[in-house]
Each structure stands twice: as structure tokens, then as C-alpha cells.
Amino acid sequence: MCLQNKVDQFVKNFRSPVINSFLVNFYLNCEQSNTIDQWISFAIAMGVGRIDLLFLGEPYLAHSSPRKYYKFAFDLFSEPNAYALKHLRLECCIVYNPTNCDFIPFKNLISLSLRKVEVDEMFIESLFPDCLLLEELYLVAIYKAFNNTMTDLKLMLGHCLNVTSLEYNGDGFYILNINAPGLKSIDFAISTIEDLNSFRLKMSRFKLVWGRLDKMSMAGNESSQTRMSSTR
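Letter by letter, the sequence shown follows residues 1 to 232 in the working numbering.
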């Protein structure tokens with residue numbers, strides 16, 4: 001593949017002692033896993049602060065199958081320089097919680113963005129206990145595999161002590177619990193009238209708890225679109 005060759009050549013010829021950010025915005029999948037792992041390993045070794053792996057790539061959106069997604073390799077984050085990574089953005093990947101590792105991969109993350117990513121519940125459940133520094137979380141079209149089928153993720157966000165910004169866009173309203181005393185901005189996408197009504201009810205209670213909330217917005221389809229905001 002021409003792109004792979006160009007990136008490989010860049011990696012081999014790169015002479016700077018550090019990389020600030022590493023971005024891949026192209027359609028890649030599990031067939032290129034070894035190459036992707038090599039790129040990530042290179043970026044981490046160079047003390048990268050931001051990684052964006054956007055494997056969607058127009059016009060492949062309609063033809064991108066989760067069965068062919070690249071599976072994110074957590075073992076790459078055992079490298080000493082992994083502590084420098086503060087911002088991670090993933091599109092069209094598989095992210096499962098590592099089961100056999102004696103380190104916390106994302107403990108220094110400040111922002112995490114996942115779009116069209118397949119996860120397991122253990123990853124979400126361990127996200128906040130492990131990522132104590134996380135301030136910004138963006139979850140768009142996140143789902144989990146169950147009995148070889150894709151189901152919506154029931155999101156339990158407990159003890160999000162440092163999170164100030166939260167965006168969630170999914171099919172159905174599955175926010176069960178949020179404990180984020182520092183939350184200032186929240187943005188949900190609501191797909192049905194039923195979910196919209198449920199959202200209004202829950203938000204009326206949440207606003208009493210989140211006294212510091214600066215912005216709260218939600219958007220749905222044409223029949224249910226609305227917007228709410230709150231300022232201190």
C-alpha cells in the first residue's frame with residue numbers, strides 16, 4: 001500500500017528526538033495490524049503526547065465492517081515513554097480491557113475520544129478508576145459485542161472526579177449513573193422522543209447536583225431536536 005510505504009519511510013528517516021502528535025487518517029483495518037502496531041510503538045518511543053488513529057476514511061464509511069476493525073494493542077503502552085501520552089482519539093477500532101498486564105495503559109490521559117469503537121464493559125468500568133487525570137471524554141457510536149452481535153453499551157460513569165467535559169452520542173439512552181462533581185459541559189445526542197423525555201427528567205435532577213455546570217446541550221432527530229443550557 002502506498003500510504004504504508006510513505007509512513008514507513010517517514011518513520012525510518014525521522015531524526016527529531018521527540019514527536020508531539022501522531023495522526024493517521026485513512027482506511028486501515030486488521031489486515032494492517034502489524035504495521036499499525038509498529039507506528040504506535042515508534043510514536044510512543046518518541047514520547048508522543050497525542051495520538052489520533054482515524055481508520056474511517058471516506059468513502060469507506062458505508063463499507064467498514066466491525067469484523068475487520070484493528071484491535072488496539074495495549075501491550076505497546078508498557079514502554080517507558082508511554083507516560084507522555086495525554087490525548088488519545090480512536091475511530092473504527094476494537095478496544096478490549098487488557099487481562100494480563102501489570103501496568104495501567106491510560107493512567108496519564110487527559111482526553112479520550114472513541115468513535116465507532118467496539119469495547120467490552122470491563123474497559124468502560126475500569127476507565128475512571130484507572131484514568132484519574134481524565135478531563136474530557138467523547139463517546140460516539142460505542143457498542144459492545146455480545147453473542148456475536150452488536151449491542152448498545154450501558155454506560156456507568158462513576159467517580160469521574162476530574163471530568164469537566166462529556167459528550168455521548170449513541171442509539172438509545174443508556175446513561176445509568178454519572179458522578180462528576182467538576183463537570184462543566186455535557187452534550188448528548190438523543191435519537192427518539194421517548195429517550196428525549198427520559199433525558200429531560202434525568203437532567204432536571206442532575207442540574208441540582210452539578211452546581212458548576214456551564215453548558216448542557218442535547219440534539220436529536222428532526223422531530224425531537226432541542227437544546228438546553230445552564231450557566232453559573
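Beta carbons are placed, not taken as given, at the ideal position from N, Cα and C, and that holds for glycine.
Everything numeric in this text was worked out from a predicted model, so none of it was measured.
Counting C-beta pairs closer than 8 Å gives three or more between the segment 131-145 and the segment 115-122, which meets the contact rule. Scanning its chain for C-beta atoms nearer than 6 Å, with the 5 sequence neighbours on each side dropped, one finds around residue 24 the residues 53, in chain order.
Secondary structure note for residue 169: it is in no alpha helix (DSSP H), and the uninterrupted beta strand (DSSP E) holding it is 165-169. A contact is defined here as three or more CB-CB pairs under 8 Å, and the segment 32-51 meets this definition with respect to the segment 82-99. Taking a 10 Å sphere around the C-beta of residue 29, we find 16 or more other C-beta atoms and assign the residue as buried. Here residue 29 carries a coil assignment [DSSP, helix/strand/coil]. In the structure shown, the three-state DSSP call for residue 2 is helix. Exposed is the label assigned to residue 2, since fewer than 16 other Cβ atoms lie within 10 Å of its Cβ. By the CB criterion at 8 Å, residue 137 and residue 110 fall outside the cutoff. With respect to residue 37, residue 76 sits close: the two C-beta atoms are nearer than 8 Å.
The segment 82-148 is shown to contain whole beta strand (DSSP E) runs of 3 or more residues at 87-91, 93-95, 111-115, 136-140 and 143-146, in chain order. In the displayed model, residue 188 falls within a strand according to three-state DSSP.
If you draw a straight line from the Cα of residue 45 to the Cα of residue 129, it comes to about 26 Å.
Counting other Cβ atoms within 10 Å of its Cβ, residue 14 stays below 16 and is therefore classed as exposed. Per the coordinates, the alpha-carbon of residue 9 lies some 17 Å from the alpha-carbon of residue 18.
The alpha-carbon of residue 126 is positioned some 33 Å away from that of residue 4.
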